[in-house]
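Below is one structure, written out as structure tokens; comments come after it.
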Amino acid sequence: MTTTQATQATQATQATQATQAAQATLVIGATGTTGRRVTAGLIAKGHRVKAAGRTPAPQPGAQPVRFDWNEPATWTEALGGVDRVYLIPPTGSPDPAEVMLPFLHQARAAGVRRAVLLSSSAIPAGGPAVGRVHEQLPGLFEEWAVLRPSWFMQNFAGPAPHARTIRDDGAILTASGDGRVGFIDAEDIAAVAVHALTDEQAPNTDLILTGPQALSYADVAAVITDVTGLPVVHRKLTFEELRDRWAAEIPLEFATMLAAMDRAIADGAEDRISDTVERLTGRPPGTLRAFVEREVRAAASH
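Residue numbers (this note's numbering): 50 to 351.
Here it is as structure tokens:
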């Protein structure tokens with residue numbers, strides 16, 4: 050290689066690196082449970098972020114941008130200058146693939162090369178709801194990951210339904226019987242997402258994410274009682290009772306799917322733990338007790 054050729058090659062490499070450095074990560078649902086944590090994690094590592102939402106809210110260090118799954122006119126601006134994307138499916142949709150797949154085709158055409166999808170441990174590739182998007186993702190992007198977390202610890206805090214019944218009735222209502230779940234802190238989900246979005250090598254697989262212990266809802270109630278001093282019990286419902294309870298707030302099809310997930314827990318489907326969080330982030334996942342001390346105890350005292 051001549052000196053001129055070497056210089057040109059170096060310049061081309063630098064130009065490529067500069068282009069990549071200038072690219073942003075689009076975080077969909079950037080004000081949500083995992084989205085705001087992913088946004089903060091990316092910014093902390095020095096990455097540019099476009100924080101997308103139906104009502105974009107300013108976040109320190111991020112560029113807010115309007116995005117609505119059901120308004121394709123918002124997609125183009127959101128994808129401008131983006132080379133990777135964190136995907137939160139549309140809330141409450143029994144068939145998110147209907148809107149997500151057209152968006153992903155547009156994203157690929159716009160230059161997105163890495164996609165990280167938030168799914169669920171209960172939904173395999175090709176399964177219901179976001180499972181169809183999971184199935185298609187490897188064919189759309191060379192760099193990808195599907196995060197399949199277990200049930201969120203955040204379900205017991207803030208405005209979440211379980212948190213409401215804990216505050217109002219001193220009870221957690223499920224159709225999960227004595228089944229156990231590897232409840233996970235959204236902080237740990239976000240840490241894995243940031244790794245999957247920024248590591249030099251994309252995971253190119255799906256990742257089961259759990260906390261360090263598999264616990265029944267009775268175990269959860271006992272931890273909350275012990276930490277907060279307020280009596281909380283697990284009240285067991287039938288599949289039909291839970292389905293009808295959900296159906297008062299959300300479409301019947303989605304309510305039925307959620308109740309079926311509880312029934313699967315009762316049958317042992319979520320009784321597992323994984324080492325994924327520690328393997329990818331270098332630190333163990335947080336415990337339920339630590340979460341309750343951090344996010345539930347203060348709220349319970351008011």
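For each residue, glycine too, the CB sits at the ideal point set by N, CA and C.
Checklist entry - Which two residues bound the contiguous alpha helix (DSSP H) that contains residue 302? => result Your numbering for residue 302 matches position 253 in the sequence shown. Note, residue 302: alpha helix (DSSP H), 301-315.
Checklist entry - How is the beta strand (DSSP E) around residue 193 delimited, first residue to last? => result What you label residue 193 is simply residue 144 of the sequence shown in a count that begins at 1. 192-198 is the span of the beta strand (DSSP E), which, as asked, contains residue 193.
Checklist entry - Straight-line CA distance for residue 195 to residue 308? => result Sequence index remark: in the sequence shown, residue 195 carries index 146 (1-based). Sequence index remark: in the sequence shown, residue 308 carries index 259 (1-based). So the alpha carbons of these two residues sit roughly 23 Å apart.
Next on the checklist: Using 8 Å as the cut-off, can you tell me whether the segment 270-282 makes contact with the segment 291-311, which would need three or more C-beta pairs spanning the two stretches below that distance?
Outcome noted: no
Checklist entry - Taking the alpha carbon of residue 266 as the point to measure from, which residue in 245, 110 and 219 has its own alpha carbon closest? => result Sequence index remark: in the sequence shown, residue 266 carries index 217 (1-based). The shortest Cα separation from residue 266 among 245, 110 and 219 belongs to 219.
Checklist entry - What are the residues that DSSP puts in a beta bridge with residue 102? => result Within the sequence shown, residue 102 is the residue found at index 53, counting from 1. BP columns for residue 102 point to 115.
Item to check | Boundaries of the alpha helix (DSSP H) in which residue 273 is found, first to last residue | outcome: Taking the sequence shown and counting its residues from 1, one reaches residue 273 at position 224. Note, residue 273: alpha helix (DSSP H), 266-277.
Next on the checklist: Cutting at 6 Å between CB atoms, please list the residues of its own chain near residue 149, excluding the five before and the five after it.
Outcome noted: If you number the sequence shown from 1, residue 149 lands on position 100. Result list for residue 149: 182, in chain order.
Item to check | Ordered list of beta strand (DSSP E) runs contained in the segment 159-188, each at least 3 residues | outcome: You should have 163-167.
Checklist entry - Among 178, 314 and 341, which residue has its Cα nearest to the Cα of residue 302? => result The residue labelled residue 302 in the question sits at position 253 within the sequence shown. Nearest C-alpha to residue 302: 178.
Checklist entry - Rounded to whole angstroms, how far is the Cβ of residue 346 from the Cβ of residue 243, which I believe are closer than 8 Å? => result In the sequence shown, the residue the question calls residue 346 occupies position 297. In the sequence shown, the residue the question calls residue 243 occupies position 194. In fact, because the Cβ distance is near 27 Å, the residues do not count as touching under 8 Å.
Next on the checklist: Comparing C-alpha positions only, which one of 273, 110 and 328 sits nearest to residue 338?
Outcome noted: Here residue 338 corresponds to residue number 289 of the sequence shown, with the count starting at 1. For the residues 273, 110 and 328, the minimum Cα distance to residue 338 belongs to 273.
Item to check | Cβ neighbours of residue 70 in the same chain (closer than 6 Å, five flanking residues each side left out) | outcome: As a first step, residue 70 must be located in the sequence shown, where it is residue number 21. No answer about residue 70 holds up, because its pLDDT of 48 lies below 50 and its placement is not dependable.
Next on the checklist: Rounding to the nearest angstrom, what Cα-Cα distance links residue 154 and residue 189 in this structure?
Outcome noted: Taking the first residue of the sequence shown as 1, we reach residue 154 at position 105. Taking the first residue of the sequence shown as 1, we reach residue 189 at position 140. Taking the straight line from one Cα to the other gives about 7 Å.
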